[in-house]
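First the structure, in the form of structure tokens, and then the observations on it.
Protein chains: 2
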Amino acid sequence: MTAAKETAGGETEPWGEVTPDAARRLLVAAVEAFAERGYHATTTRDIASRAGMSPAALYIHYKTKEELLHRISRIGHDKALDILRTAARREGSATERLADAVSSFVRWHAGRRTTARVVQYELDALGPDARAEIVALRRQVDAEVRGIIEDGVASGEFDVLDVQGTTLAVLSLCIDVARWFNVDGPRTPEEVGALYADLVLRMVGAKQAPGAGRE
Amino acid sequence: MTAAKETAGGETEPWGEVTPDAARRLLVAAVEAFAERGYHATTTRDIASRAGMSPAALYIHYKTKEELLHRISRIGHDKALDILRTAARREGSATERLADAVSSFVRWHAGRRTTARVVQYELDALGPDARAEIVALRRQVDAEVRGIIEDGVASGEFDVLDVQGTTLAVLSLCIDVARWFNVDGPRTPEEVGALYADLVLRMVGAKQAPGAGRE
DNA sequence: GGGCACTCTAAGCGAGCGCTCACCTTCGGC
DNA sequence: GCCGAAGGTGAGCGCTCGCTTAGAGTGCCC
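So the sequences go chain by chain: A and B. Numbering (full-length UniProt numbering) for the first sequence: 1 to 215. Numbering (full-length UniProt numbering) for the second sequence: 1 to 215.
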């Protein structure tokens, strides 16, 4: 009642699982700051002031600046993995599932670009233990995409020489969207998602798009 | 005579254009440090000690730490642009030129990964003026690739719906190699270059590889 | 063989960093 | 109406940062 939900729109509330309200405000401020300037160029004073608090308040909710990055990275990777799993395990042909996976994964990287940027590009700033945890999640991400491609090869839908290499390329293409996507640019996340789904289906030699094809 | 050339092998001497010997050693040290830990996490003391000098020696050859990054970024972008121009302006079909451009561009990003990483991922650490200069070079990079794709569409070799979007995706795919490529990994830069050339030809709907095709 | 330009070092300055500590609120339970 | 837990602040500690300064070593020109 003191403060209403502040996020604008769309899908599930982004950082709803971060429970004390002040902790969530700090975390959102950290995501913005890390995305804009990078982890190492961001100061704890900057994060706190974006959240409307004093520098000391940060340490009531987080032990260190690195713990903030760790929490952000963990939640972000969970979300990314969830998106891919949902697409990979739905009903439909491998072609449909791959197109769905790529377009939704790309939509997330473009639409939630600030989060995705931190999640994908600040991995090296984590300490060894936290890094290992995140790397394990990334391997699961890789496995989901590889699984769809393997299904398509097995069913004869796809024509792929190097499954692991192609998986890597597909993921790389999607992830890099967080680097170049510009909110003020000419493309919407949906448009980029549709374009990329088409490009990826071409990469795997699919017989072409499920519905979105040219005439 | 006191100290021989130290680089191992291949192509043109990488930082040969940096003239006082000490300035080159500092610049090479900075490339390594920036690539490993990022610009903001690298200290001037770290750079100087990698070059075997005292911290103050850096400021004899460079005004600031940022000037070092600027010089690295400038030389690196010149090199990247040179690679693409060479491929784009050789003789041959659009298919051959695109395959050549992608495979050589990818070979550079994988083989000179440390340099490429700094060049592609530390742009935001530059000040407005230096950034503007580099962004102009990037537009030329984009224009070279777009030119080849437009040629292929005009000649009927390629089937592309969104030329600018596809150009962006091709470049994005190549650039991201600098993020994930691992020197100790299972693939050589040449293998990745060949794989990526094949994938890109598929993306543009080329009638398939010029020589490297399956049977 | 003295002067000078060039290169480099030892020492350290002011600033800003991540983080801590002593203390002050607010508020539900009894 | 008092109490303790939870959440917050202002001040500041110890440290390291980018960068500067005074001066030493070296080689080349005349």
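Cβ atoms here follow ideal geometry from the backbone N, Cα and C, with glycine treated the same way.
Option in A:A88, A:S103, A:G205 with minimal Cα separation from A:R97: Here residue 97 of chain A refers to the residue found at position 97 when the first sequence is read from its first residue. The option with the nearest alpha carbon to A:R97 is A:A88.
Cβ separation of A:H40 and B:G38, assumed to be a contact under 8 Å, to the nearest whole Å: Within the first sequence, numbered from 1, the residue matching residue 40 of chain A stands at position 40. Within the second sequence, numbered from 1, the residue matching residue 38 of chain B stands at position 38. Contact flag correct, Cβ pair sits at about 6 Å.
Limits of the alpha helix (DSSP H) - the one that A:G165 falls within: Working through the first sequence from its first residue, we reach residue 165 of chain A at position 165. 163-175 is the extent of the alpha helix (DSSP H) around A:G165.
Own chain partners of A:A29 with C-beta closer than 6 Å, once the 5 adjacent residues on each side are dropped: Sequence index remark: in the first sequence, residue 29 of chain A carries index 29 (1-based). Correct list, in chain order: I47, R50, A51.
A:V119 to B:A130 span [Cα, whole Å]: On the first sequence, position 119 is the one that residue 119 of chain A refers to. On the second sequence, position 130 is the one that residue 130 of chain B refers to. Straight-line Cα distance between these residues: approximately 27 Å.
Members of the region 167-185 of chain B that neighbour chain A once the beta carbon cut-off is set at 8 Å: L168, A169, S172, L173, I175, D176, V177, R179, W180
Chain A contact residues for B:R202, given Cβ-Cβ distances below 7 Å: In the second sequence, the residue the question calls residue 202 of chain B occupies position 202. Under a criterion of Cβ atoms nearer than 7 Å, the residues of chain A adjacent to B:R202 are, in order, R202, M203, G205.
Inter-residue spacing [alpha-carbon to alpha-carbon] between B:R25 and B:E36: Residue mapping note: residue 25 of chain B aligns to position 25 of the second sequence, counting from 1. Residue mapping note: residue 36 of chain B aligns to position 36 of the second sequence, counting from 1. B:R25 and B:E36: Cα-Cα distance of roughly 17 Å.
Interface residues of the region 28-46 of chain B facing chain A [CB-CB below 7 Å]: G38, H40, A41
Three-way DSSP call (helix, strand, coil) for B:P186 in this model: Taking the second sequence and counting its residues from 1, the one referred to as residue 186 of chain B is at position 186. Correct three-state label for B:P186: coil.
Cβ neighbour criterion (16 or more within 10 Å) applied to residue 223 of chain A: This structure leaves residue 223 of chain A out entirely; chain A is present only between 1 and 215.
Cross-chain neighbours of A:L199 in chain B, by beta carbon under 8 Å: Position 199 of the first sequence, counted from the first residue, corresponds to residue 199 of chain A. Within chain B, T166, A169, M203 have C-beta atoms less than 8 Å from the C-beta of A:L199, given in sequence order.
Beta-carbon proximity of A:R196 to A:V106, cut-off 8 Å: Start at 1 with the first residue of the first sequence, and residue 196 of chain A comes out as number 196. Start at 1 with the first residue of the first sequence, and residue 106 of chain A comes out as number 106. It is Tyr, not Arg, that sits at residue 196 of chain A in the sequence shown. It is a contact, given that the beta carbons lie within the stated cut-off.
Interfacial residues, the region 100-128 of chain A to chain B, with Cβ spacing under 8 Å: Answer in chain order: Y121, D124, A125.
A:H40 - DSSP class collapsed to helix/strand/coil: Mapped onto the first sequence, residue 40 of chain A falls at position 40. Note: A:H40 maps to coil in three-state DSSP.
Cβ distance (whole Å) where B:I148 is taken to contact B:A94 below 8 Å: Translated into the one-based positions of the second sequence, residue 148 of chain B becomes position 148. Translated into the one-based positions of the second sequence, residue 94 of chain B becomes position 94. At roughly 6 Å, the Cβ-Cβ gap stays under 8 Å, so B:I148 and B:A94 are in contact.
Any C-beta of chain B under 8 Å from that of A:D142: As a working note, residue 142 of chain A is residue 142 in the first sequence. Not one chain B Cβ lies under 8 Å of A:D142.
B:T167 vs B:V145 beta-carbon contact at 8 Å: For the purposes of this step, residue 167 of chain B is taken as residue 167 along the second sequence, with counting starting at 1. For the purposes of this step, residue 145 of chain B is taken as residue 145 along the second sequence, with counting starting at 1. It is a contact, given that the beta carbons lie within the stated cut-off.
Minimum Cβ-Cβ distance from B:L195 to chain A less than 8 Å: Against the second sequence, residue 195 of chain B aligns to sequence position 195. Chain A, which has a Cβ nearer than 8 Å to the Cβ of B:L195, makes this yes.
Cβ-Cβ separation, A:S73 to B:D176 (assumed contact under 8 Å), whole Å: As a position in the second sequence, residue 176 of chain B is number 176, starting the count at 1. As a position in the first sequence, residue 73 of chain A is number 73, starting the count at 1. B:D176 to A:S73, Cβ: 19 Å. No contact.
Same chain, Cβ closer than 6 Å to A:A116, five either side skipped, listed in chain order: Taking the first residue of the first sequence as 1, we reach residue 116 of chain A at position 116. The residues are H109, A178.
Of the listed residues A:R202, A:H61, A:C174, nearest to A:E157 (C-alpha basis): Here residue 157 of chain A refers to the residue found at position 157 of the first sequence. Ranking the options by Cα distance to A:E157, first place goes to A:R202.
Which listed residue (B:V200, B:G92, B:A125) has its alpha carbon closest to that of B:E66: In the second sequence, the residue the question calls residue 66 of chain B occupies position 66. The shortest Cα separation from B:E66 among B:V200, B:G92, B:A125 belongs to B:A125.
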